[in-house]
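Chemist: Residue numbers (my numbering): 4 to 304. Built from N, CA and C at the ideal position, the CB exists for glycine as well.
1) For residue 244 and residue 105, which I take to be in contact (beta-carbon distance under 8 Å), what is that distance rounded to the nearest angstrom?
2) Can you give the Cα-Cα distance for residue 60 and residue 32, rounded to whole angstroms?
3) Rounded to whole angstroms, what's the CA-CA distance from residue 177 to residue 155? Just pull it up for me.
4) Which same chain residues, not among the five before or five after residue 43, have their C-beta less than 6 Å away from its C-beta?
5) Identify whether residue 205 lies in helix, strand or coil by the three-state DSSP scheme.
6) What three-state label does DSSP hand residue 12 in the structure shown?
7) Around the C-beta of residue 67, are 16 or more other C-beta atoms found within 10 angstroms, so that it is buried, or is it exposed?
8) Return the bridge partner residues of residue 100 from the DSSP annotation.
9) Run through DSSP, which three-state label would residue 23 get?
10) Could you tell me which uninterrupted alpha helix (DSSP H) segments, each at least 4 residues in length, are contained entirely in the region 192 to 253, listed from first to last along the chain?
11) When the Cα atoms are used, what is the spatial distance from residue 170 to residue 233?
12) Could you give the first and the last residue of the continuous beta strand (DSSP E) run that contains residue 115?
13) Taking the alpha helix (DSSP H) that residue 293 falls in, what are its first and last residues?
14) Under 8 Å between the Cβ atoms of residue 188 and residue 168?
15) Given this structure, state the Cα-to-Cα distance separating residue 15 from residue 58, to the nearest angstrom.
16) Taking residue 286 as the reference, which of 74, 97, 119 has the closest Cα?
17) Reducing DSSP to helix, strand and coil, say where residue 260 ends up.
18) Does the distance from the C-beta atom of residue 219 to that of residue 192 stay below 8 Å?
Here it is, written out as structure tokens:
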């Protein structure tokens, strides 16, 4: 059963006349008659009864007409929904991010010039999960602190985020501008959970210093890490982008004097995969945003 057969059937049913229906369809009368006959053969029953020049639906034809009209109506509705969805998708961006602290400023600046964009921001702490989501197409873009090193993935470093030492204000090092990691090597550490990208970065730093951390608590939530460190349950190694958030007032923060410690801010997407125009605009915006300088509140240092 073909779409054209059904369309011809409805036209004949409307006109109740083969000649008038053929004129509207701009085909010959014999061709239309053959199409209707072939449809009836496929169904195994007649749909029309002839009364003089009129061709009327029989009881089978009336039932069939209702179903066919409903099918055409559903198809038209589906087409409208798809068009609406396509229009919506053009103005929607799905971003996965492991760097919550930098996103508000980045997003508000973009939304200021793109007020019609609908953002879906997904916070992800696990680096492997954000990599998988990007490769699987669950997100359009990823903002992460580690590069996504995969074939076909465009990964651009946007900025750097300094890694700092944080201790309670009652700690012996409190008030210093800088300190060596070796000075806190034997003390408890409130640390990042194993699955986070920040844990991998800090592990690498400590390994380079040949420090075996004495972990007292593991967590993925920045506010909890800072609060516990501020209460003296252990020191913390945190990125500068955390400065100014809840829990920081009870901390004394200092630079790492051993060597320059930092993490990157990476923007990634899959090359060649369709992205809505809004996502492409965001890539350009992010580049300009970070090119102006990645400013952080370092008033606590």
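Modeler: Reading from the atomic positions:
1) Against the chain shown, residue 244 aligns to sequence position 241. Against the chain shown, residue 105 aligns to sequence position 102. That pair is a contact at about 6 Å.
2) Position 57 of the chain shown, counting from 1, holds the residue named residue 60. Position 29 of the chain shown, counting from 1, holds the residue named residue 32. If you take the alpha carbons of residue 60 and residue 32, they lie about 18 Å apart.
3) Numbered from its first residue, the chain shown carries residue 177 at position 174. Numbered from its first residue, the chain shown carries residue 155 at position 152. Spanning the two alpha carbons is a distance of roughly 47 Å.
4) Counting from 1 along the chain shown, the entry for residue 43 is found at position 40. So the qualifying residues of the chain are 49, 50.
5) Here residue 205 is taken as the residue at index 202 of the chain shown, counted from 1. Here residue 205 sits in helix by DSSP.
6) Here residue 12 refers to the residue found at position 9 when the chain shown is read from its first residue. Three-state result, residue 12: helix.
7) In the chain shown, the residue the question calls residue 67 occupies position 64. Residue 67 is buried by the Cβ-count criterion.
8) For the purposes of this step, residue 100 is taken as residue 97 along the chain shown, with counting starting at 1. Residue pairing of residue 100 in beta bridges, as defined by DSSP: 126, 146.
9) As a first step, residue 23 must be located in the chain shown, where it is residue number 20. Residue 23 falls in the helix class under three-state DSSP.
10) Counting only runs that start and end inside the region 192 to 253, the alpha helix (DSSP H) elements of at least 4 residues fall at 200 to 211, 225 to 233.
11) Walking along the chain shown from the start, residue 170 turns up at place 167. Walking along the chain shown from the start, residue 233 turns up at place 230. So the alpha carbons of these two residues sit roughly 6 Å apart.
12) Numbered from 1 along the chain shown, position 112 holds the residue referred to as residue 115. Careful: residue 115 lies outside any beta strand (DSSP E), inside the alpha helix (DSSP H) at 106 to 116.
13) As a working note, residue 293 is residue 290 in the chain shown. Looking at the DSSP string, the run of the alpha helix (DSSP H) that includes residue 293 is 280 to 294.
14) To locate residue 188, count along the chain shown from 1; it is residue 185. To locate residue 168, count along the chain shown from 1; it is residue 165. Taking 8 Å as the Cβ cut-off, residue 188 and residue 168 do not qualify as a contacting pair.
15) Residue 15 sits at position 12 when you count from the first residue of the chain shown. Residue 58 sits at position 55 when you count from the first residue of the chain shown. Roughly 8 Å separates the two Cα atoms.
16) Position 283 of the chain shown holds residue 286. For residue 286, the nearest C-alpha among the options comes from 97.
17) Stepping through the chain shown from its first residue, residue 260 is reached at position 257. Correct three-state label for residue 260: coil.
18) Within the chain shown, numbered from 1, the residue matching residue 219 stands at position 216. Within the chain shown, numbered from 1, the residue matching residue 192 stands at position 189. Result yes, Cβ atoms of residue 219 and residue 192 sit closer than 8 Å.
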